[in-house]
Amino acid sequence: MSIGMGKWEKWKEFLPTFYYWALFSCFYEYISYIGNKHLWQFERNFISLFVTETLYTFIFYPSMIILFLGNYPEGRTKTISHYIKWISLSVLIETIAFKIGAIKFAHGWSMGWEVFFYSTMYPMLRLHYKKPLVALILSVFFVLFYLLIFDYQLI
Numbered sequence: 028m029s030i031g032m033g034k035w036e037k038w039k040e041f042l043p044t045f046y047y048w049a050l051f052s053c054f055y056e057y058i059s060y061i062g063n064k065h066l067w068q069f070e071r072n073f074i075s076l077f078v079t080e081t082l083y084t085f086i087f088y089p090s091m092i093i094l095f096l097g098n099y100p101e102g103r104t105k106t107i108s109h110y111i112k113w114i115s116l117s118v119l120i121e122t123i124a125f126k127i128g129a130i131k132f133a134h135g136w137s138m139g140w141e142v143f144f145y146s147t148m149y150p151m152l153r154l155h156y157k158k159p160l161v162a163l164i165l166s167v168f169f170v171l172f173y174l175l176i177f178d179y180q181l182i
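Converting from the sequence shown to the numbering used here requires adding 27 to each position, the first position being numbered 1.
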């Protein structure tokens, strides 16, 4: 499956995609905070929620991005298989975290939404790596989609 081996020496090449991820992760936290509406939230934290979110945003997810992009295959069949492996792994981790009570879902968020989120997140990471401006523009539409679907009242 080749999940454990990434192109760690290419971390600088992936840095803009780390920033892209961090921007939208922090934006979610901000919107959730001002709207008082977290769709999901950690229930078990390292020291505090702030420390947990910081570790995930700046350590865990950048490492995942290196592994995902650093092993990105050539060829349509291999590419589809790569996405399926990463989406499945992410959903499995989320399912375990949910079952053991490490995270909770609220306001209509569910495992189905987790599958949808990861099914869009990984292609968006790849798109950002290849065409950052296109990914940023599409991401605005995804943010608006989630805000509408989950009825965020920000004003």
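Yeah, the Cβ is synthetic: ideal placement off N, Cα and C, and Gly gets one too.
Please read these numbers as outputs of a predicted model, since none were measured by experiment.
For this session: Take W35 as the anchor and find which of S166, Q180, M91, Y47 has the nearest alpha-carbon.
Result: If you number the sequence shown from 1, residue 35 lands on position 8. The shortest CA-to-CA distance from W35 to any of S166, Q180, M91, Y47 is the one to M91.
Exercise. What is the C-beta distance between P184 and P43, in whole angstroms, given that I count them as a contact (C-beta under 8 Å)?
Worked result: Only positions 28 to 182 of the chain appear in the structure, and residue 184 is not among them; the question remains open.
Exercise. Cβ atoms of Y145 and V118: under 7 Å apart, would you say?
Worked result: For the purposes of this step, residue 118 is identified with residue 91 of the sequence shown, where counting begins at 1. For the purposes of this step, residue 145 is identified with residue 118 of the sequence shown, where counting begins at 1. In contact: V118 and Y145 (Cβ atoms closer than 7 Å).
Problem set entry | Where the beta strand (DSSP E) through I164 begins and ends | Locating residue 164 in the sequence shown gives position 137, counting from the first residue. Careful: I164 lies outside any beta strand (DSSP E), inside the alpha helix (DSSP H) at 159-176.
Exercise. If you run the structure through DSSP and keep just helix, strand and coil, what is W136?
Worked result: For the purposes of this step, residue 136 is taken as the residue at position 109 of the sequence shown. Coil at W136, not helix or strand.
For this session: Return the bridge partner residues of Q68 from the DSSP annotation.
Result: Along the sequence shown, one-based indexing puts residue 68 at 41. According to DSSP, which records beta bridges pairwise, Q68 is partnered with K131.
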